[in-house]
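Residue numbers (our numbering): 1409 to 1731. Just so it is clear, CB atoms sit at the ideal spot from N, CA and C, and this is done for glycine as well. Below is one structure, written out as structure tokens; the observations come after it.
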Amino acid sequence: MLRSLVAYPDDYRAWGIQKMDLYKPEQTYHPPAVKFGNSTTFQDDYVPREIQPRQSFKPSPVIKRSTVPFNGDTSHRLDYVPYQLEFKFSRPKEVYKPTTQPFEDLTTHRYDFQGLVGESAKLCRPPYTRVTQNAHFEGSTEFRESFQPWEIPPPAVKKTPEYVPPTGTMQLNSTSHLDYVPYQTKRVVPIRPVSQKRNDNFPFQGKSTTKEDFPAWESCRQGLIKKQQQIPNPSGKFDGWTTFRSHYVPHELNPTQSCKPVHAPVKSSAPFDDTTMYCLEYTPKKREICPASFPSPPGYVFENTNSRGHHFFRKITPTVEAS
1409 MLRSLVAYPD
1419 DYRAWGIQKM
1429 DLYKPEQTYH
1439 PPAVKFGNST
1449 TFQDDYVPRE
1459 IQPRQSFKPS
1469 PVIKRSTVPF
1479 NGDTSHRLDY
1489 VPYQLEFKFS
1499 RPKEVYKPTT
1509 QPFEDLTTHR
1519 YDFQGLVGES
1529 AKLCRPPYTR
1539 VTQNAHFEGS
1549 TEFRESFQPW
1559 EIPPPAVKKT
1569 PEYVPPTGTM
1579 QLNSTSHLDY
1589 VPYQTKRVVP
1599 IRPVSQKRND
1609 NFPFQGKSTT
1619 KEDFPAWESC
1629 RQGLIKKQQQ
1639 IPNPSGKFDG
1649 WTTFRSHYVP
1659 HELNPTQSCK
1669 PVHAPVKSSA
1679 PFDDTTMYCL
1689 EYTPKKREIC
1699 PASFPSPPGY
1709 VFENTNSRGH
1719 HFFRKITPTV
1729 EAS
């Protein structure tokens, strides 16, 4: 049986804590004799003082002109040391010599594909044959023959009662007219000040500083820049032949030889050997019993028990007798 001993009760024991005395001075409350007689901490500690204007550290706007002449020497001018430049080798410009041969404007495409005259392509669409019949066309369909119109009776009309005008005169008094009582009130004086109109007899000048300083520039629309066509348009009748049709060479299709084996069962006269590699190489081992299942395991000697109650055993090593 496993005996577990906890180290907490032995190592951690309760301490006797003594209550500390308060260092706060005892203040006996005395109620005031006058209503709202207790003053606050702010009223006791605050001492009103006069506001003294702070000294202004802003520089004066008066510009002090210097009588010393201006020294225009900069650090670059004082520290600059002129060096003599080395002679730079300049390659002479080659004189352009135009060629005397005429310009050939034939490209690789024009040179290789000059166009071949051939037959026009034939249409693969079947010819359209119009079917003409002398029989009279019947406009009746299967839907019209199956669903004949039904006779629908007219809807019933509800008779409205005859209007009888009321007798007597109409009262035009509403709830507002009967309950409303007019009051004599003064008109509200507007708070907005009266606008003072300026009587200017001179005409309005619609010029501003921007219009006077920035007059409109005369601009003209730029014309279109069209690039000249370098390749001229083809001339002559279009043959309708494409590069694929003119260069296509039909080849005879050879069927690929099948390498798939024939589905024929392989029969053998020898008996079937059902032994596997696992059956040949398997070595049975002896089952060993776990030593922890014994109260005192054989081949082990008890040593000690730790603080948690675990038992430790030591394995017995066999002694070898010296010959």
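### Query
Counting along the chain, where does the beta strand (DSSP E) carrying Y1708 start and finish?
That run of the beta strand (DSSP E) goes Y1708 to T1713.
### Task
Please say whether A1529 and G1648 have beta carbons closer to each other than 8 Å?
Taking 8 Å as the Cβ cut-off, G1648 and A1529 qualify as a contacting pair.
### Query
How about V1709 and I1697: are their beta carbons less than 8 Å apart?
Contact: no.
### Query
Rounded C-beta distance between S1654 and G1526? I'm assuming under 8 Å.
Taking a contact as a CB-CB distance under 8 Å, the pair S1654 and G1526 counts as one, their CB atoms being some 7 Å apart.
#### Entry: Start and end residues, beta strand (DSSP E) containing K1723
Looking at the DSSP string, the run of the beta strand (DSSP E) that includes K1723 is H1719 to K1723.
### Message
Short of 7 Å in beta carbon distance, which residues of its chain neighbour T1727, apart from the five on each side in sequence? Order them along the chain.
### Response
Take T1727, set aside five residues on each side of it, and no residue of its chain has a beta-carbon closer than 7 Å to its own.
### Message
Checking 8 Å against the spacing of the C-beta atoms, do F1720 and E1711 come in under that value?
### Response
Yes, these two residues count as a Cβ contact at 8 Å.
#### Entry: T1618 to V1470 span [Cα, whole Å]
Rounded to whole angstroms, T1618 to V1470 spans 33 Å at the Cα level.
### Query
When you compare only the Cα positions, how much space is there between T1651 and T1516?
Whole-angstrom Cα-Cα distance: 15 Å.
### Query
When DSSP labels each residue in this structure, what does Y1454 get in the three-state scheme?
Note: Y1454 maps to coil in three-state DSSP.
### Span of the alpha helix (DSSP H) around H1438
DSSP places H1438 in no alpha helix (DSSP H); its state is neither H nor E.
### Query
If you draw a straight line from the C-alpha of V1521 to the C-alpha of S1498, how long is it?
Reading off the sequence shown, one finds Phe at residue 1521, where the question assumed Val. The straight-line gap from Cα to Cα measures roughly 48 Å.
### Message
Can you look up M1428 in the DSSP assignment and give me helix, strand or coil?
### Response
Secondary structure at M1428: coil, using DSSP grouped into helix, strand and coil.
### Query
Expressed to the nearest angstrom, what Euclidean distance is found between the alpha-carbon atoms of D1481 and Y1491?
About 20 Å.
### Query
Quick one: Cα of S1616 to Cα of A1624, how far?
Those two C-alpha atoms are separated by around 13 Å.
### Query
Counting along the chain, where does the alpha helix (DSSP H) carrying R1595 start and finish?
The continuous stretches of alpha helix (DSSP H) do not include R1595, and DSSP gives it neither H nor E.
#### Entry: Y1437 versus S1676, R1462, P1699 and N1446, residue with shortest Cα-Cα distance
Relative to the Cα of Y1437, the nearest Cα in the group S1676, R1462, P1699 and N1446 belongs to N1446.
### Task
Quick one: give me the first and last residue of the alpha helix (DSSP H) that K1466 is part of.
Segment: none, K1466 is in no alpha helix (DSSP H) and carries neither H nor E.
### Task
Measure the alpha-carbon distance for D1429 versus W1423 and round it to whole angstroms.
Their Cα atoms are separated by approximately 18 Å.
### Message
Quick test of your reading: P1699 and P1692, contact by CB under 8 Å. State the CB separation rounded to the nearest angstrom.
### Response
No, P1699 and P1692 are not in contact; Cβ-Cβ is about 22 Å, not under 8 Å.
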